[in-house]
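For reference, the structure is listed below as structure tokens.
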Amino acid sequence: MLETLLKNNTLGQWLQGGPENDVVLSSRVRLARNIAGYPFLSRAKNPQIARIERFVRSNIEALDRQPPLTYHQLDGMESLTLLLLVERHIIPRDFAETNILRGVAFSEEEDLSIMVNEEDHLRIQVVGGGLRLAEVSERAHEIDDVLAEKLPYAFSADYGYLTVCPTNVGTGMRASVMVHLPAIIMRREMDKLTRICDDLDLALRGLYGEGTHGSADIYQISNNKTLGLSEEDVVELVHLAARQIIELERNTRESIMALHKKELAGRINKAFHLLCDAVSISSEEALSLLSQVRMGVNLGLLENLSKNKIDKLLLLTLPAHLQIILGRESDRVERNKMRASYIREHLILNQKHNTREA
Amino acid sequence: MSNDKAEKKCQECGKRKPTIYMTDFVDGKPVKKHICQQCYDAVEGAPPLSSSELFAKLVDILAPELRKAGRRKCPECGLDYVEFRQSFEFGCAKDYEIFSKALDDLFQDIHGANRHVGKIPEGRAQTLFGGTQRLRVLQREIKKAVEKEDFERAAHLKTKIEQMEQTSVGDIIKE
Ligand SMILES: [Zn+2]
Ligand SMILES: [Zn+2]
Numbered sequence: 495m496l497e498t499l500l501k502n503n504t505l506g507q508w509l510q511g512g513p514e515n516d517v518v519l520s521s522r523v524r525l526a527r528n529i530a531g532y533p534f535l536s537r538a539k540n541p542q543i544a545r546i547e548r549f550v551r552s553n554i555e556a557l558d559r560q561p562p563l564t565y566h567q568l569d570g571m572e573s574l575t576l577l578l579l580v581e582r583h584i585i586p587r588d589f590a591e592t593n594i595l596r597g598v599a600f601s602e603e604e605d606l607s608i609m610v611n612e613e614d615h616l617r618i619q620v621v622g623g624g625l626r627l628a629e630v631s632e633r634a635h636e637i638d639d640v641l642a643e644k645l646p647y648a649f650s651a652d653y654g655y656l657t658v659c660p661t662n663v664g665t666g667m668r669a670s671v672m673v674h675l676p677a678i679i680m681r682r683e684m685d686k687l688t689r690i691c692d693d694l695d696l697a698l699r700g701l702y703g704e705g706t707h708g709s710a711d712i713y714q715i716s717n718n719k720t721l722g723l724s725e726e727d728v729v730e731l732v733h734l735a736a737r738q739i740i741e742l743e744r745n746t747r748e749s750i751m752a753l754h755k756k757e758l759a760g761r762i763n764k765a766f767h768l769l770c771d772a773v774s775i776s777s778e779e780a781l782s783l784l785s786q787v788r789m790g791v792n793l794g795l796l797e798n799l800s801k802n803k804i805d806k807l808l809l810l811t812l813p814a815h816l817q818i819i820l821g822r823e824s825d826r827v828e829r830n831k832m833r834a835s836y837i838r839e840h841l842i843l844n845q846k847h848n849t850r851e852a
Numbered sequence: 008m009s010n011d012k013a014e015k016k017c018q019e020c021g022k023r024k025p026t027i028y029m030t031d032f033v034d035g036k037p038v039k040k041h042i043c044q045q046c047y048d049a050v051e052g053a054p055p056l057s058s059s060e061l062f063a064k065l066v067d068i069l070a071p072e073l074r075k076a077g078r079r080k081c082p083e084c085g086l087d088y089v090e091f092r093q094s095f096e097f098g099c100a101k102d103y104e105i106f107s108k109a110l111d112d113l114f115q116d117i118h119g120a121n122r123h124v125g126k127i128p129e130g131r132a133q134t135l136f137g138g139t140q141r142l143r144v145l146q147r148e149i150k151k152a153v154e155k156e157d158f159e160r161a162a163h164l165k166t167k168i169e170q171m172e173q174t175s176v177g178d179i180i181k182e
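Chains as they are written, first to last, in the working numbering: chain E, 495 to 852; chain B, 8 to 182.
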């Protein structure tokens with residue numbers, strides 16, 4: 495099952511394209527739930543943790559789905575495989591790194607993953623390509639309703655769904671969009687972006703790298719609040735922010751095109767050639783250059799190149815993916831060389847292919 | 008990557024777990040910040056404290072909350088309010104009930120609200136555990152719908168209550 499993650503070429507939902515895909519890579523909704531009658535994981539003893547895992551797992555496996563979800567225990571899983579799941583956005587990094595009895599079930603299309611014994615007993619995550627939060631949310635709540643038939647959730651009339659962390663209580667729901675914002679970053683318009691998020695009380699963070707700096711210009715916007723607003727409110731809020739950010743990014747791209755088209759084309763061309771010519775390249779550098787090339791493709795500045803190819807490279811050149819493609823674990827130095835040759839192969843092959851077509 | 012945990016990082020350093028809500032002044036305006044102990048100390052310019060001093064300080068900071076929360080431990084998981092504020096993690100569902108007086112204020116700070124609005128668990132499994140709880144939410148929602156003159160929603164919610172009353176716990180156990 496895990497091997498097919500690479501073989502069947504699905505590449506995860508966030509690379510599948512979708513509405514407003516020039517800016518929005520993907521939409522995601524995550525629900526946090528705990529089971530009544532058991533302590534939370536923060537205070538649970540090992541035998542209780544094992545009972546929770548068994549109980550929740552058996553109900554996930556009983557879900558009537560075609561093809562059925564397969565459950566994977568994360569304990570004893572190889573670290574490279576764990577990292578692959580992280581890079582694939584199937585599980586968060588912290589979940590890969592903790593050390594209790596835990597697991598994840600996910601669909602073949604990677605649009606649904608259900609985690610057991612993450613921070614809370616149960617986390618349901620649904621992802622879709624492009625901007626489609628309402629649809630993604632509806633699917634997450636459908637699964638939640640089915641599971642609620644069997645699992646007694648910890649719930650209070652006053653505070654809603656009860657969670658380990660007070661920042662999740664209420665709906666237990668986190669809705670987010672992943673956005674690609676190369677023009678906003680290039681023009682140093684971060685303050686405008688921050689203002690949009692602050693006004694709507696949303697959290698903004700870089701997807702790769704530390705703090706709010708994203709090395710591929712990819713950012714995630716999600717709701718801060720989970721109490722006192724409904725699921726629909728949350729979807730509406732994040733969707734509204736996404737629309738404003740799409741407009742800001744597109745306008746900024748247009749204004750760069752109108753005022754500095756030559757410089758931009760030059761810069762993007764340079765990024766493309768750096769990628770083609772590199773002998774060794776780090777993951778961070780690759781992400782940053784691929785980000786510029788992606789914008790170039792979106793703006794029609796790099797014609798013989800498909801956005802899908804760039805999106806694939808954004809994923810496949812991450813450390814775990816690269817090592818699995820290569821079929822072995824390797825150190826950073828070797829990986830950087832491999833990454834360079836892998837990118838070169840794909841970009842140049844692409845060019846030849848397109849010339850032949852033309 | 009997927010950043011659920013990152014949502015609880017200190018707003019000052021972005022690294023450590025935040026344990027303290029403090030009010031900072033930016034351009035003369037109060038700004039609420041959720042930060043870690045280390046950053047709190049740095050802001051206050053205080054020298055590093057010993058763990059017992061830290062504890063005393065925390066109790067001091069939490070005094071208004073503690074007056075409301077009380078010194079009682081949760082009978083189910085053993086958590087007390089100071090421990091909760093240190094770890095910022097609840098130990099079980101019961102904690103929400105035990106500390107509710109202090110939590111109303113804390114949630115108001117974090118979320119700008121302290122009552123749940125939205126989904127109620129629908130499954131059969133819920134009735135066993137949460138029947139009265141669900142009833143209370145539904146009643147509150149009906150009141151709100153009526154205030155907003157959304158009578159269609161109010162009627163829909165009333166039907167839900169009727170359905171609930173018809174399903175007894177006994178029915179579910181029999182199945
Ligand atoms: Zn800090
Ligand atoms: Zn407790």
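Glycine residues also receive a C-beta, built at the ideal position from the N, C-alpha and C atoms.
| Check | Outcome |
| --- | --- |
| Option in E:Gly-512, E:Arg-747, E:Met-571 with minimal Cα separation from Glu-683 (chain E) | E:Arg-747 |
| Cβ neighbour criterion (16 or more within 10 Å) applied to Ser-521 (chain E) | buried |
| Coarse secondary structure for Lys-801 (chain E), derived from DSSP in three states | helix |
| N-terminal and C-terminal residue of the alpha helix (DSSP H) that Ile-117 (chain B) is part of | 107-118 |
| Contact under 8 Å by Cβ, Arg-788 (chain E) with Pro-813 (chain E) | no |
| Top-ranked residue by Cα proximity to Leu-645 (chain E), from E:Arg-548, E:Lys-756, E:Glu-741 | E:Arg-548 |
| Proximal residues to Cys-84 (chain B) (C-beta, below 6 Å), its chain only, five neighbours per side dropped | Gly-98, Cys-99 |
| Beta bridge counterpart(s) of Ser-607 (chain E) as assigned by DSSP | E:Phe-600, E:Gln-619 |
| Bridge partner(s) assigned by DSSP for Gln-714 (chain E) | E:Met-672, E:Arg-699 |
| Minimum Cβ-Cβ distance from Ala-530 (chain E) to chain B less than 8 Å | yes |
| Secondary structure, alpha helix (DSSP H): runs of 4+ residues fully inside the segment 541-581 of chain E | 573-581 |
| Exposure of Gly-705 (chain E), with buried meaning 16 or more beta-carbon neighbours within 10 Å | The predicted model places Gly-705 (chain E) with a pLDDT of 42, which falls under 50 and marks its position as unreliable; any figure quoted below should be read in that light. That one is exposed. |
| Residue of E:Leu-701, E:Ala-634, E:Leu-574 minimising C-alpha distance to Arg-668 (chain E) | E:Ala-634 |
| DSSP beta-bridge partners of Leu-525 (chain E) | E:Ile-618, E:Met-667 |
| Beta-bridge pairing of Lys-40 (chain B) - partner residues as DSSP gives them | B:Met-29 |
| Option nearest Ala-780 (chain E) by Cα separation, candidates E:Leu-723, E:Leu-616, E:Asp-805, E:Gly-722 | E:Asp-805 |
| Straight-line gap, Lys-64 (chain B) to Gly-77 (chain B) (C-alpha atoms, nearest Å) | 17 Å |
| CB contact check: Cys-691 (chain E) to chain B, cutoff 8 Å | no |
| Proximity to Leu-753 (chain E) [Cα-Cα], best of E:Pro-586, E:Leu-721, E:Ala-677 | E:Ala-677 |
| Closest Cα partner of Ile-715 (chain E) within the set E:Ala-530, E:Leu-807, E:Gln-738 | E:Gln-738 |
| Which listed residue (B:Lys-39, B:Lys-24, B:Arg-143, B:Cys-20) has its alpha carbon closest to that of Ala-49 (chain B) | B:Cys-20 |
| is_contact[Cys-770 (chain E), chain B] using C-beta, thresh 8 Å | no |
| Neighbour-count burial assignment, Arg-596 (chain E), 16 or more Cβ in a 10 Å radius | buried |
| Straight-line Cα distance separating Asn-540 (chain E) from Lys-101 (chain B) | 20 Å |
| Inter-residue spacing [alpha-carbon to alpha-carbon] between Leu-164 (chain B) and Glu-636 (chain E) | 19 Å |
| Contact list for Phe-95 (chain B) against chain E, beta-carbon separation under 7 Å | Cys-659, Pro-660 |
| Simplified DSSP state of Val-827 (chain E), which is helix, strand or coil | helix |
| Heavy atom of ligand 2 within 7 Å of Gly-570 (chain E) beta-carbon | no |
| Cutoff 8 Å: Leu-578 (chain E) Cβ touching any chain B Cβ | no |
| Residue range of the unbroken alpha helix (DSSP H) whose run includes Gln-786 (chain E) | 777-792 |
| Residues of its chain near Leu-616 (chain E), where Cβ-Cβ distance is below 6 Å and the 5 sequence neighbours each way are ignored | Arg-527, Val-550 |
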